[in-house]
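Student: My questions will all concern the structure given below.
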Amino acid sequence: MTDTDKPINFIQHVINADLEAGHVTKVVTRFPPEPNGYLHIGHAKSICVNFGLAAENGGGCNLRFDDTNPEKEDEEYVNAIIEDVRWLGFEWQGDICYASNYFDQLYTWAQYLISEGKAYICELNAEQMREYRGTLTQVGKNSPYRDRPASESLDLLEQMKLGAIDEGTMTLRAKIDMESPNFNMRDPVMYRIKKMAHQRTGDKWNIYPSYDFAHGQEDAIEGVTHSVCTLEFAANRPLYEWFVANLPLPSTPRQYEFGRLNLNYTITSKRKLKQLVDEKHVAGWDDPRMPTISGLRRRGVSASAIREFCDSLAVAKTDGVVDMAQFEHFIRDDLNNNARRAMCVMNPVLVTLANYEADKSESFTVPGHPNRDDMGERSLAFGRQIFIDRNDFSEDTTLSRKKFKRLVIGDYVRLRSAYIIRADEVIRDGAGEIIEIVGAIVPDTVGKDAPEGIKARGVIHWVSALESADCTVKIYDRLFNKAAPDAGDESFLEHINPESLTVISGCKVEAGLANATAGDHYQFEREGYFTRDIVTDSGELVFNCTIGLRDNWK
RNA sequence: UGGGGCGUGGCCAAGUGGUUAAGGCACCGGGUUUUGAUCCCGGCACCGGAGGUUCGAAUCCUCCCGCCCCAGCCA
């Protein structure tokens, strides 16, 4: 993959200028998720941008958990996020960072701002604070507690910390400007009381810093030079800069915002994804239909496909909706190059080749991949009885060769990597259902062209009846049947596709895949890309369809 | 409505006064092919609108229109 002529984005332009001017010598970025859910495809873009910017400039990227709100956070999420970032192929600089590691420092800085007359303890409750904040057209008004003595605020803050004050009755606020046209500057809350244990600091704190009071300082402590986030934080930037300017920080980070990734036919809101899990609309965060990293992984999407897709996205300030087809292109492109080929008959019907001796069997050696010698070879068992897909057979002899390139009664078709065969008759059960096709091979056609006068209509896949493994295949369709499930008046739940999962049992896969490893990628020829699902206690052989092959015909 | 941000083909986008207006996805033709896949070739825009500045504008100015974000003690 060469990206030599890939245009450079606006953040790289800024970095280039900073490097040139000597403002920074080493570029440091960070990926700062709150551990309140699993990572999804939207985060993947952010991860690629942040780690990518650091790597391309010889710098480093931190993985930092923004765990400032114990109410929503959980260690399960921390572990899942670490696993996902690693799986995506990224390595962070140094140890994993946590906002909670800086709680003491943050507290000291809060005291500093109070003593500087730039912060105060406010006793307005949530509702009153909203009233005092003003509206889009009206400026806010000062809190009656705004000018209380610093010593009093200092004492009250200490009591809040110790747990002596009731939740919701007091907050620490920055004293900025209640008349600012930017709401974030109207004396924002720096600390709120939450008498709740934190997954990492335990019962030590009864107050927790807000995002705004924590983020820039976290960046500064870690020496982050370019704090890259998504567009919705643009309005927080002035506040970010205010804290950076008014606190004695060890470095001066700068914030830049780019457009987050939106994909059609899916949602990328942790809250809603969590709802899908909690309300059991899907089997879990790693359900193969989920746009989560873990879901995509279980679905069979490779990390490199996700990376290539993210790299194809622009880092810009427009907020568009990327077509799912673009993601699918990169999924297929990667799998086409890297997935071993195999054959799986999903809707099997028995074919008996009457002119093939009953006791005879052969083994054909075929490439693991059509143009990748490094993928070696595999062997296919062949015998008198094989399975082909019911959809690859028709009794309608009027079907044109162009329209139906498969097996038709009385006509020839090529078995992929094997003989050309002919269908002669069908055997039905009591209900009239075809249970067997009787035909014949055309001798000496393995690896050779058809003899004069015989023309195969096409090539179909097959599997030996004697030597094949039974398996179950799960086919997935989009989780939502509306391009923008989030838009409109109805809930996104109204647009869940009731047919997003199809389970097909009784499939026959070539014997070599009986012990496939979960996570290995295969192309089932003429069908699509598949991966073995997480192996359960029953050990059942289940393949998840990652994505079908393209088909433009008909 | 106050503030911030954005508008280039169906979608994502390069472009920073002089280009035949990159590229990818999608789509439409055609070729190769023991996967109706892959691969290969070809096709596919006057830049939200209206004025203006200029020899020359997607790029500069003015006005207008549209979309997104901000009124959590969420991040």
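Take the first sequence: its position 303, counting from 1, is numbered 1133 in the numbering used here, and each next residue is one higher. Here a beta-carbon is modelled for each residue, glycine too, at the ideal position from N, C-alpha and C. For clarity, every value in this text was computed on a predicted model and none was experimentally measured.
#1: Whole angstroms are fine: how far does the CA of L1091 sit from the CA of G872?
#2: Could you check the C-alpha separation between I1267 and E1255 for me, to the nearest Å?
#3: Would you identify the three-state DSSP class for N846, choosing helix, strand or coil?
#4: For E1340 and D1300, I'd like the C-alpha separation in whole angstroms.
#5: So R1362 and H1291 are in contact, right, with Cβ under 8 Å, and what is the actual spacing, rounded?
#6: Runs of 4 residues minimum, wholly inside the stretch 1060-1104: which ones carry the alpha helix (DSSP H) assignment?
#7: Could you name each continuous alpha helix (DSSP H) segment of 4 residues or more that falls completely within the stretch 1248-1308, going from the start of the chain to the end?
#8: If we require 4 or more residues per run, which alpha helix (DSSP H) segments fall completely within the stretch 910-998?
#9: Quick check on the burial criterion: 16 or more other C-beta atoms within 10 angstroms. Buried or exposed for V1333?
#10: L987 and I944: beta carbons closer than 8 Å?
#11: With a threshold of 6 Å on Cβ separation, who are the neighbours of A1064 within its own chain once the five nearest residues in sequence on each side are excluded?
#12: Would you mind reading off the limits of the alpha helix (DSSP H) that contains R1231?
#13: Specify the secondary structure class of V1058 as computed by DSSP and reduced to three states.
#14: In the DSSP assignment, find the unbroken alpha helix (DSSP H) run with M1154 in it and report its ends.
#15: Taking a contact to mean a Cβ-Cβ separation below 8 Å, would you say E997 touches K1024 in this structure?
#16: Taking the straight line between their C-alpha atoms, what separation do you get for L772 and L869?
#17: Going straight from the alpha carbon of L1079 to that of E1158, what length do you get?
#18: Return helix, strand or coil for S1124, following the three-state DSSP convention.
#19: Which residue from Y1070, A949, W922 and V1303 puts its Cα closest to that of A885?
#20: Taking the alpha carbon of N1382 as the point to measure from, which residue in K1233, A847 and V1074 has its own alpha carbon closest?
#21: On a CA-only basis, which of P1118, E953, C1140 and I1051 is nearest A874? Give me that one, please.
#22: Please report how far the alpha carbon of D985 lies from the alpha carbon of G970, in whole angstroms.
#23: I'd like to know whether the C-beta atoms of Y942 and R976 end up nearer to each other than 8 Å.
#24: Just list the beta strand (DSSP E) runs in the stretch 1163-1215, keeping only unbroken ones of 3 residues or longer that don't cross its boundaries, in chain order.
#25: Using a Cβ-Cβ cut-off of 6 Å (strictly less than) and excluding sequence neighbours within five positions of S1209, which residues of its own chain qualify?
#26: Suppose you measure from the CA of N1167 to the CA of M1173; what does that come to, to the nearest Å?
#27: Name the one or two DSSP bridge partners that N1374 has.
#28: If you count every other CB in all the chains shown that lies within 10 Å of the CB of N1201, and 16 or more means buried, which is it?
#29: Can you say whether Q1353 is buried or exposed, counting buried as having 16 or more other CB atoms within 10 angstroms of its CB?
#30: I think G1288 touches R1236, with their Cβ atoms under 8 Å apart; what is that distance to the nearest whole Å?
#31: Spell out a yes or no on whether the stretch 1069-1085 and the stretch 1046-1053 are touching, meaning 3 or more CB-CB pairs, one atom from each, closer than 8 Å.
#32: Which residues does DSSP pair with H1351 in a beta bridge?
#33: State the start and end residues of the unbroken alpha helix (DSSP H) segment that holds G1046.
#34: Between Y1306 and P1118, how many whole angstroms is the CB-CB distance? I'm expecting something under 8 Å.
#35: Using CA atoms only, rank isn't needed, just tell me which of L1165, L1077 and D1203 is closest to A1133.
#36: Who are E1340's beta bridge partners in DSSP?
Tutor: To lay it out plainly:
#1: 5 Å
#2: 6 Å
#3: helix
#4: 9 Å
#5: In fact, because the Cβ distance is near 18 Å, the residues do not count as touching under 8 Å.
#6: 1067-1076
#7: none
#8: 933-945, 956-963 and 980-992
#9: exposed
#10: yes
#11: E1087
#12: Per DSSP, R1231 belongs to no alpha helix (DSSP H) and is neither H nor E.
#13: strand
#14: M1154 to N1168
#15: yes
#16: Coverage of the chain is limited to positions 831 through 1384, which leaves residue 772 absent and any answer about it impossible.
#17: 45 Å
#18: helix
#19: W922
#20: K1233
#21: C1140
#22: 27 Å
#23: no
#24: 1170-1172, 1178-1183, 1191-1197 and 1207-1213
#25: S1193 and T1195
#26: 17 Å
#27: K1304 and T1361
#28: exposed
#29: buried
#30: 6 Å
#31: yes
#32: T1361
#33: Y1041 to E1052
#34: 6 Å
#35: L1165
#36: S1298
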